[in-house]
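Note that this note's numbering has the sequence shown beginning at 842, numbered continuously upward.
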Amino acid sequence: MRLRHIRGAEEAIEISPYVIGQPEQYRGSFRSLFGDDHPIAIEVGMGKGRFIMEMAARYPEKNFIGIERYSSVLLRALQKRQELELPNIYFMCVDARDLAEIFAPGEVERIYLNFSDPWPKDRHAKRRLTSPEFMKVYDRILKQDGQVEFKTDNQDLFSYSLESIPGAGWRIDASTRDLHHDPMCEGNVMTEYEMKFSSMGNPICKLIASR
Ligand code: SAM
842 MRLRHIRGAE
852 EAIEISPYVI
862 GQPEQYRGSF
872 RSLFGDDHPI
882 AIEVGMGKGR
892 FIMEMAARYP
902 EKNFIGIERY
912 SSVLLRALQK
922 RQELELPNIY
932 FMCVDARDLA
942 EIFAPGEVER
952 IYLNFSDPWP
962 KDRHAKRRLT
972 SPEFMKVYDR
982 ILKQDGQVEF
992 KTDNQDLFSY
1002 SLESIPGAGW
1012 RIDASTRDLH
1022 HDPMCEGNVM
1032 TEYEMKFSSM
1042 GNPICKLIAS
1052 R
């Protein structure tokens, strides 16, 4: 995603009722934020948030938190969020590396990784959101029977993930390299990147992993 600093983004995020300003304060008690004990799903690197907002609208019996580290990107999601009346979704402007300081063990039921940055250079492999380093973080916050769902159109990142995830001690429950022509597509919610890349003819890959 091309990043441009947007003046006032930090301030808008600070005062937004849709952004959890000091998320560590809710560690172990996110249910108090939502006012119910519905399961919590998070999207790591939500971008402009199309996917997670659509999920929140579709599944009112679940709670959702969209995570995006750049304020200029999160601001775009906030603009859309203001038009929706949804009680079951919040955002956080944090780096996914810090998620284990934000969520208590087992507090998250499902983690969505959609079109994560590929970081093609070997020396940047640790930054990939499916690297063993990040899988360790997810292991600390995900419920025992929870799942990670990952979609991408980047074949190299997908091949890497099919190895790195089992290498980190996880199991691949299902996978496809052509989601839009596979039964795994049932109930699929498209992300911004998915709409863009599938319209260019790129096949979409998806895997679901658990421990
Ligand atoms: N998920 C969206 C989609 O599919 O349309 C956006 C995909 S975009 C390529 C990846 C997003 O992940 C970017 O907005 C980036 O800032 C965010 N991101 C990457 N690494 C992150 C991290 N460590 N923590 C939080 N967000 C991250």
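Positions of the beta carbon are idealized from the N, C-alpha and C atoms, including for glycine.
{"Item": "With DSSP as the reference, label E950 as helix, strand or coil.", "Value": "strand"}
{"Item": "Hey, how far is the Cα of S1005 from the Cα of T971?", "Value": "7 Å"}
{"Item": "Determine the DSSP secondary structure at V1030, reduced to helix, strand or coil.", "Value": "coil"}
{"Item": "Go ahead and pull the three-state DSSP assignment for I978.", "Value": "Residue identity differs from the one stated: residue 978 is Val in this sequence, not Ile. Helix."}
{"Item": "Between D986 and S1051, what straight-line distance do the alpha-carbon atoms span, to the nearest angstrom?", "Value": "7 Å"}
{"Item": "Excluding the five sequence neighbours on either side, which residues of its own chain have a C-beta within less than 7 Å of the C-beta of E884, listed in chain order?", "Value": "F892, I893, G907, I908, Y953, N955"}
{"Item": "How about R922 and Y979: do their beta carbons lie closer than 7 Å?", "Value": "no"}
{"Item": "Assuming I854 and C934 form a contact by the criterion Cβ under 8 Å, report the distance between their Cβ atoms to the nearest whole angstrom.", "Value": "6 Å"}
{"Item": "Is it buried or exposed, C1026, if we count other Cβ atoms within 10 angstroms and call 16 or more buried?", "Value": "exposed"}
{"Item": "For I861 and L916, which I take to be in contact (beta-carbon distance under 8 Å), what is that distance rounded to the nearest angstrom?", "Value": "Actually they do not touch by this definition, with Cβ atoms about 15 Å apart."}
{"Item": "With a cut-off of 8 Å on the beta carbons, I'd call F905 and I930 a contact; round off their distance for me.", "Value": "4 Å"}
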